[in-house]
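K.L.:
Position one of the sequence shown corresponds to residue -16 (my numbering), numbered consecutively onward.
Note that beta-carbon positions come from the ideal geometry of N, C-alpha and C, so glycine has one too.
What follows is a structure written as structure tokens; I'll ask about it next.
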Amino acid sequence: YYDDYDNGGQVVNNYALTDISYSPAAVLFGELVYKPVAGFALALQSKYVSKQYMDNTQNNDRTINGYWVSNARFGYDFKFAGVKNVNLGFLVNNIFDKKYESNGYTYGYLLGGSRVTENFFYPQAGTNFLLSLNVKF
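Set out below in structure tokens:
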């Protein structure tokens, strides 16, 4: 459906055999982990999400672009008096400061005899950091 502001009401279109909205054709994730010494780990994570349609029309004017984001993870496990394990972790998300959107929505209508499509996106954070401490008793 899309709103018809010229004549009032809505215009109905039926679509068959189109991709489901917000369902990318490919989502890939990989992680390389390096453990130079016992208890210490370095990891590089990478995730790819292909283009997504924001509605079921499969119209290329209503898409969220595909994106590739990488993170770095550092972890150190050690023992401490009275606890089974302590893990100190540090995560750097989006290490290449990629500008991307992972979600959005579209709104289309008919006005002045022309079809208008408005797209709105939710930008994601640039490079950000997370420090963690996990203690197991």
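Starting from Ser115 and walking both ways along the beta strand (DSSP E), at which residues does that stretch end?
P.N.:
Asn111 to Lys119
K.L.:
Is Asn54 near Ser85, with beta carbons less than 9 Å apart?
P.N.:
no
K.L.:
Under the assumption that Val10 contacts Val66 (Cβ atoms under 8 Å), give the Cβ distance between them as a whole number of angstroms.
P.N.:
Between Val66 and Val10 the Cβ distance is about 37 Å, and since that is not below 8 Å, they are no contact.
K.L.:
In whole angstroms, give me the CA-to-CA distance for Tyr(-12) and Arg56.
P.N.:
52 Å
K.L.:
Could you check if Ile47 is buried or exposed, using at least 16 other CB atoms within 10 Å of its CB as the buried criterion?
P.N.:
buried
K.L.:
If you draw a straight line from the C-alpha of Leu27 to the C-alpha of Lys34, how long is it?
P.N.:
23 Å
K.L.:
Would you check if there are 3 or more beta carbon pairs closer than 8 Å linking the segment 68 to 76 to the segment 86 to 106?
P.N.:
no
K.L.:
Quick check: the Cα distance between Asp(-14) and Tyr31, rounded to an integer number of angstroms?
P.N.:
35 Å
K.L.:
Which residues mark the beginning and the end of the beta strand (DSSP E) in which Thr100 is found?
P.N.:
Residues Ser97 to Pro106.
K.L.:
For Tyr(-2), which residues of its own chain have a beta-carbon under 8 Å away from its beta-carbon, when the five flanking residues on both sides are left out?
P.N.:
Scanning its chain for C-beta atoms nearer than 8 Å, with the 5 sequence neighbours on each side dropped, one finds around Tyr(-2) the residues Asn39, Thr40 and Gln41, in chain order.
K.L.:
Can you tell me the Cα-Cα spacing of Leu25 and Tyr5, whole angstroms?
P.N.:
33 Å
K.L.:
Of the residues Gly91, Tyr88, Leu113 and Asp2, which one's Cα is nearest the Cα of Asn77?
P.N.:
Leu113
K.L.:
Going by the CB atoms, is the gap between Ser115 and Phe63 shorter than 9 Å?
P.N.:
no
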